[in-house]
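In order, the protein sequence lines correspond to chains F and W. Residue 15 in numbering that gives the first Met the number 0 sits at position 16 of the first sequence, and the numbers go up by one each step. Residue 84 in numbering that gives the first Met the number 0 sits at position 85 of the second sequence, and the numbers go up by one each step. Idealized CB from N, CA, C, for every residue including glycine. This one's a predicted model, so the numbers in the text were calculated from it and none came from an experiment. First comes the structure, then the notes that go with it.
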Amino acid sequence: MSSASAATILSASQLQLVRQHKTVLNDISLNLKAGQIITLIGPNGCGKSTLIKVLLGLETADSGKVTRRPGLRIGYMPQRLSLDQRMPLTVTGFLQLARGASNERISYWLDRLSIGALAQQSVHDLSGGEWQRVLLARALLIKPDLLVLDEPVQGVDVQGQLELYSLIPQLRDELGCAVLMVSHDLHLVMAATDEVICLNGHVCCSGHPDTVSIDPAYIRLFGARPQGQQQAPIAHYTHHHDHQHCADGHVEHHAPGKEIL
Amino acid sequence: MNLFDYWWLMPLMAGVLLALVAGPLGSFVVWRRMAFFGDTLAHGALLGITFGVLTDINLTLALVLGSVLLALLLLPLQNRSRLSSDTLLGIVSHSTLAIGLVTLSLAQGIRVDLMGYLFGDLLAVERIDVLWILLAAILIAVLLFWQWRALLAITVSQELAAIDGHPVQRLNLMLILLLALLVALAMKVVGILLVSALLIIPPAAARSLARTPEQMVFLASATGVISVLLGLWASFRFDTPAGPSVVVAATALFAFSLVLQSLRDARRPA
């Protein structure tokens, strides 16, 4: 989908961020083009969420530069959002608070994400998967140029994960938006991903997910691929690391040619 | 006979006006877990009174200034972690109350109706107090109405609101200043020690019956007004202190809402 000629909508160069004597972001640069899907992976505490916050402008890096295309509309789906039980709120009421919300768009996206029946439900009565879709709908209301998804499949069962991973590229095609997704799974990523970036303080490696689809046994185990889908929505990513992160945080490099997968 | 000759009219108007705006502001206090914050503002208001007594400026003005100043000092706490802010609020809350009491007792030749400030003296409310409360109520109502969606948005998630372009810090500041204003003026009615009750109990009673934030605010205001009416009536009828009577009435309504809720839950199949 992404072509070399597509315009860059978001770029970061040499981001550096230190919090409490720990280097959270170390010399991170990335480039996001219109319509491109980037998946950020890395172990817990590797700085994925911090990087997202810096890219969204919620936090400022100590040094480095973030450039957003002027007027860029960003739809953001947070990793988790816990609402106080004492605030009564329906799904529609919650969505109406978002920028770009109108009743037509709200009902369109609720139907598009197959949660139209939840419109008048209390947000406190939703299951984890339903709430996640509501948050996704909220991110879509603004008609985003860039959709930022922070661990969208966390707490969702495998079937739900496969559905979401086939839905996201469809949404990208419908809206023509770029997608920046964070995933905690180090090896299985969304197949439609154009570029995987493995993060651990710095960019450890990056590349395209393997074109070979995953082991058919996996698909058999976790149910058929969603209808009409030719390819599995999930793919394997092979890491190419020339170094190792030790427990104390220092980085050990390996002799060339001796890669750790 | 002139309407203003009824001696109970001023207390009644003061109480009703406060209850009306305490509905929405109290709902925000409940949603944003700021109960302790409201308490601290009320306690700190005693310092404002002390200051007013010592410098001989208008006591209501001193109260409002003290409360607003404290709110501004405490504002950064809102962004810190809950535990440390709880402890710090506790220290500020009780030390300001104690310092205010000690200073008042040391000030020679000045007699202050301390019980009146601690527990409220609704019957001492005068026309000028009602005027203050009326102006404050209008200001609070207008600002809340004007920024209603934005305030709900920052209450749901400051992060999402910031991405949507809401001026999160300014809205936080506005809410806290309005709260300080209400707390300072409500003191005269229900007293320092019971101010946060007026803020928290009516929204808590309204919560179980409401499906939207707007319903909760409306029901909270209604509960507050009924509490004021019941409390004042009880105060006249049984010669009980007015402020605590209002709070007792609100608590009774809260208990009633719990009964309503359990009845409704029992009717609905699980």
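Start and end residues, alpha helix (DSSP H) containing residue i
i      : result
W/N171 : V167 to V189
W/V245 : A241 to R266
F/G92  : V90 to Q95
F/L107 : In the sequence on display, residue 107 of chain F carries Tyr and not Leu. It spans N102 to R111 - the alpha helix (DSSP H) in which F/Y107 sits, taken as one unbroken run.
W/Y116 : L113 to F118
F/V122 : From DSSP, F/V122 is part of no alpha helix (DSSP H); its letter is neither H nor E.
F/G56  : It is not in any alpha helix (DSSP H) - F/G56 carries neither H nor E in the DSSP assignment.
W/R126 : R126 to W145
W/S66  : L58 to L73
Status (buried if at least 16 other CB within 10 Å, exposed otherwise) for residue i
i      : result
W/V216 : buried
F/L9   : buried
F/D162 : According to the sequence shown, residue 162 of chain F is Glu rather than Asp. With 16 or more other Cβ atoms within 10 Å, it is buried.
W/D238 : exposed
F/E150 : buried
W/M114 : exposed
W/L222 : A quick correction: the sequence has Thr, not Leu, at residue 222 of chain W. It counts as buried.
W/W30  : buried
F/D144 : buried
F/G227 : Unreliable positioning characterises F/G227 in this predicted model, as indicated by a pLDDT of 48, which lies under 50. The coordinate reading is nonetheless provided below. Its Cβ having fewer than 16 others within 10 Å, F/G227 is exposed.
W/T86  : exposed
W/D38  : buried
W/W145 : exposed
F/H249 : exposed
F/K32  : buried
W/W131 : buried
F/H252 : exposed
F/Y164 : buried
W/I90  : exposed
F/Q160 : buried
W/P10  : buried
F/L179 : buried
W/Q157 : buried
W/V224 : buried
W/Y5   : exposed
F/T237 : exposed
W/P23  : buried
F/V211 : At F/V211, the pLDDT of 43 sits below 50, so the modelled position is not reliable; the number obtained from the coordinates is stated separately. It is exposed - the Cβ of F/V211 has fewer than 16 other Cβ atoms within 10 Å.
W/I127 : exposed
W/D264 : exposed
W/I56  : exposed
Cβ separation of residue i and residue j, assumed to be a contact under 8 angstroms, to the nearest whole Å
i      : j      : result
W/A185 : W/A21  : 7 angstroms
W/S66  : W/A34  : In fact, because the Cβ distance is near 16 angstroms, the residues do not count as touching under 8 angstroms.
W/A152 : F/L57  : Their Cβ separation, rounded to whole angstroms, is 15 angstroms, which puts W/A152 and F/L57 out of contact at 8 angstroms.
F/S12  : F/S28  : 5 angstroms
F/P87  : W/R210 : 5 angstroms
F/D193 : F/I36  : 5 angstroms
W/L69  : W/L40  : 6 angstroms
W/V301 : W/A13  : Nothing about residue 301 of chain W can be read from this structure; chain W reaches only from 0 to 269.
F/D61  : F/Q15  : 5 angstroms
W/G25  : W/L252 : Not quite, the Cβ-Cβ distance comes to about 13 angstroms (not below 8 angstroms), so this is no contact.
W/S226 : W/P201 : 7 angstroms
Boundaries (first-last residue) of the beta strand (DSSP E) holding residue i
i      : result
F/I36  : I36 to I40
W/A161 : Looking at the DSSP string, W/A161 is not in any beta strand (DSSP E); the run it does join, the alpha helix (DSSP H), is Q157 to I162.
F/R18  : T7 to R18
F/A234 : I233 to H235
F/S28  : K21 to K32
F/S81  : From DSSP, F/S81 is part of no beta strand (DSSP E); its letter is neither H nor E.
F/C45  : Looking at the DSSP string, F/C45 is not in any beta strand (DSSP E), and its letter there is neither H nor E.
F/H242 : H242 to H244
F/A187 : Sequence check: residue 187 of chain F is Leu here, not Ala. Counting along the chain, the beta strand (DSSP E) containing F/L187 begins and ends at L187 to M189.
Cross-chain neighbours of residue i in chain B, by beta carbon under 8 angstroms
i      : result
W/Q214 : No chain B appears in this structure, whose protein chains are F and W.
- request: List in chain order: all unbroken beta strand (DSSP E) runs of 3+ residues lying wholly within the stretch 2-39 of chain W.
  value: none
message: Using a Cβ distance threshold of 8 angstroms, determine whether the stretch 41-60 of chain F contacts the stretch 187-204 of chain F, with at least three qualifying pairs required.
response: yes
field: Contiguous beta strand (DSSP E) assignments of at least 3 residues, all confined to the stretch 140-184 of chain F
entry: 145-149 and 177-182
message: Closer than 8 angstroms is the cut-off here; do at least three beta carbon pairs connect the stretch 115-122 of chain W with the stretch 239-250 of chain W?
response: yes
- prompt: Do the stretch 98-117 of chain F and the stretch 60-67 of chain F make contact, defined as three or more Cβ pairs closer than 8 angstroms?
  reply: no
query: With contact counted as at least three CB pairs below 8 angstroms, one residue from each stretch, are the stretch 235-243 of chain F and the stretch 85-104 of chain W in contact?
result: no
The stretch 183-201 of chain W / the stretch 153-168 of chain W touching (three or more Cβ pairs under 8 angstroms): no
message: Could you check whether the stretch 174-181 of chain W touches the stretch 109-126 of chain F, counting it as contact only if at least three pairs of C-beta atoms, one from each stretch, sit closer than 8 angstroms?
response: no
query: Does the stretch 9-21 of chain W come within contact of the stretch 130-138 of chain W, defined as at least 3 CB pairs closer than 8 angstroms?
result: yes
query: When the Cβ atoms of the stretch 131-147 of chain F are set against those of the stretch 109-117 of chain F, are three or more pairs found closer than 8 angstroms?
result: yes
message: Extract the residue ranges of the alpha helix (DSSP H) inside the stretch 188-229 of chain W, only unbroken runs of 4 or more that lie entirely within it.
response: 194-206
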